[in-house]
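Data first, discussion second: the structure below is written as structure tokens.
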Amino acid sequence: MTIANYDALIRELLAEGQSRPSGLMTQIVDEDQDVQLDELDEEIRKGHLNELVDNIFSDAVRLNASDIHIIPRAARKTEIHFRLDGYLTLWRTIDDLRADAVAAVVKDIAKGTDRFERNMAQDGFIQIQVENKIVRFRVSIIPLIGKELKVKLESIVLRVLRDPESSITIDNIGFQPQALELFKKAIEKPYGIVILTGPTGSGKSTTLLAALRAVMNPAYNIITVEDPVEYFIDGARQVKLNPKLGFDEALRAILRHDPDIVMVGEIRDKQTADLAVKLANTGHLTFSTLHTNDAPSVIARLYKMGIEPFLLAYSINIIVAQRLLRKLCERCKTIDTEVLPITFEKLGLTEEEIRDIKVYRPVGCLHCLKGYKGRTAIHEVLYFTKEVRQLIMESGSSINEEALRQLAIKQGMKTLHDSGIELLKKGITTIDEVASTTMND
Ligand SMILES: [Zn+2]
């Protein structure tokens with residue numbers, strides 16, 4: 004679903020209020036029925052809280068939110084925020100109902116959380132049906148301190164685990180032509196590691212999934228190990244971790260499970276890194292992610308984890324750093340004539356570029372959210388050429404990230420920042436977006 008206007012839709016939803024029929028909760032709340040009704044339950048019943056929470060879930064899905072934040076502001080005040088295109092947006096405030104009653108409803112629905120536990124951080128999981136689609140939420144609960152000492156408050160965040168549209172492919176995810184060509188070349192190799200890097204929320208999993216789909220073939224045994232599993236992937240065997248089967252054990256077992264392609268959710272430590280390298284070096288295509296600021300720093304990170312330079316040089320095919328940038332609303336964007344030359348200089352533009360550039364600023368209209376509408380990805384693609392491998396091989400006691408970066412740039416790599424500037428020049432995004440997502444230092 005494309006959302007023309009969050010604000011308008013939120014208004015519309017608010018106008019609909021609580022009169023919307025609710026069917027979800029009745030399907031879900033089937034256990035725990037014989038718990039004695041206490042004050043809290045009375046409050047839940049009086050406030051139609053099941054119905055309200057039901058609406059929160061379905062509205063979040065309809066608005067395409069990535070997360071739902073349920074934040075107690077006082078004993079009887081709860082704010083519900085949705086993260087839309089990367090930014091928290093207040094959806095509604097629940098006044099005059101106990102905040103712990105709202106929390107209790109969510110904890111009741113979630114699997115793995117204890118309603119009576121209010122002092123521990125808890126993780127849980129919810130699966131519901133919204134408009135004929137199964138939607139899963141990962142639930143995180145953390146106790147908070149409030150002004151009123153006798154009330155125990157908890158912050159709840161639900162990550163919406165929506166199966167990504169099957170229409171998302173590596174061709175339309177936002178790769179520039181040259182980067183796309185290299186990425187395809189890297190994932191079409193029969194073995195080697197393909198790494199996506201970037202902070203949480205930079206769309207790494209979506210890109211990995213698109214890559215996996217691009218190389219899927221019934222003749223291949225495709226195994227994934229993730230914690231938690233973000234998406235169901237048709238055609239893959241997705242390993243379920245549990246207290247008896249940890250991440251490392253699962254990976255070791257996979258080595259003996261005759262795989263062709265393996266997706267390791269995240270390289271988190273030496274053990275995981277070792278196993279990814281081992282998989283690559285025994286003839287398997289391995290996909291994984293890491294959290295670093297850019298592509299060259301992945302090498303330094305893996306080296307610090309304890310992986311030898313020659314293993315890094317010859318087991319990795321490609322490293323792709325990714326960010327998501329908000330796109331300007333085409334209907335209301337306006338040419339910004341007041342940008343100071345110093346701002347352009349800070350972005351690293353040359354005088355000639357500054358003369359020619361036309362930048363836009365967000366305005367805001369009925370069809371967008373504060374001048375922005377949707378997001379697109381930018382990439383920094385470090386392809387492992389002969390020269391790149393050679394440079395990594397020659398590393399002594401440390402990895403020279405800068406030398407690696409310069410070599411890659413010489414060979415045609417566009418940095419994240421350059422990719423952002425490209426979008427700026429095309430009038431797709433703003434200076435603020437480029438600066439906030441690609442200028443970390
Ligand atoms: Zn607009």
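One gets my numbering by counting positions in the sequence shown from 1 and adding 3 to each.
For glycine and all other residues, C-beta sits at the position ideal for the given N, C-alpha and C.
Just so you know, these numbers come straight off a predicted model, no measurement behind them.
Among the options, the one whose alpha carbon lies nearest that of residue i
i: Thr286; options: Glu134, Cys332, Asn320, Glu229; result: Residue identity differs from the one stated: residue 286 is Gly in this sequence, not Thr. It is Asn320.
i: Ile338; options: Lys413, Lys429, Arg329; result: Lys429
i: Thr116; options: Leu161, Lys153, Tyr90; result: Leu161
i: Ile270; options: Ser401, Ala283, Thr292, Asn284; result: Thr292
i: Leu93; options: Val265, Phe290, Ala68; result: Ala68
i: Asn53; options: Met416, Ala107, Leu66, Leu282; result: Ala107
i: Arg118; options: Met416, Lys155, Ile198; result: Lys155
i: Lys361; options: Asn135, Leu427, Lys417; result: Leu427
i: Ile73; options: Asn403, Thr418, Pro231, Lys110; result: Lys110
i: Leu215; options: Thr203, Pro202, Asp230, Glu191; result: Glu191
i: Lys389; options: Gly374, Gln414, Thr295; result: Gln414
i: Arg364; options: Lys330, Thr295, Leu385; result: Lys330
i: Cys368; options: Glu184, Cys335, Ile196; result: Cys335
i: Pro231; options: Ile225, Glu341, Val242; result: Val242
i: Leu372; options: Leu91, Thr275, Glu397, Asp261; result: Leu91
i: Thr289; options: Gln125, Asn122, Ala189; result: Ala189
i: Asp297; options: Phe140, Asp421, Glu229; result: Asp421
i: Phe387; options: Ile159, Tyr317, Glu229; result: Tyr317
Short Cβ contact (8 Å threshold) for residue i with residue j
i: Gly206; j: Leu327; result: yes
i: Asp263; j: Tyr223; result: yes
i: Thr81; j: Ile59; result: no
i: Gln325; j: Thr227; result: no
i: Pro299; j: Arg378; result: no
i: Glu151; j: Ala256; result: no
i: Val437; j: Leu410; result: no
i: Gly423; j: Ile357; result: no
i: Arg79; j: Arg95; result: no
i: Met308; j: Asp251; result: no
i: Val280; j: Thr200; result: no
i: Val64; j: Val142; result: no
i: Phe186; j: Ile171; result: no
i: Pro312; j: Met416; result: no
Residues bridged to residue i [DSSP beta-bridge criterion]
i: Glu383; result: Ala324
i: Ile196; result: Thr289, Ile319
i: Leu350; result: Answer by DSSP bridge pairing: none, since Leu350 is not bridged.
i: Arg364; result: Thr337
i: Ile83; result: Ile73, Arg95
i: Ile431; result: The partner list for Ile431 (beta bridge, DSSP) is empty, contrary to what the question assumes.
i: Leu331; result: Tyr375
Practice task
Could you name each continuous alpha helix (DSSP H) segment of 4 residues or more that falls completely within the region 210-298, going from the start of the chain to the end?
Solution key: Counting only runs of 4 or more, we get 250-258, 273-284.
Handout entry: Residues proximal to ligand 1 by C-beta, any heavy atom closer than 7 Å
Key = Cys332, Arg334, Cys335, Val366, Gly367, Cys368, His370, Cys371, Gly374, Lys376
Problem - Secondary structure, beta strand (DSSP E): runs of 3+ residues fully inside the region 144-206 - result: If we require 3 residues or more, the beta strand (DSSP E) runs fully inside the region 144-206 come out as 156-164, 195-200.
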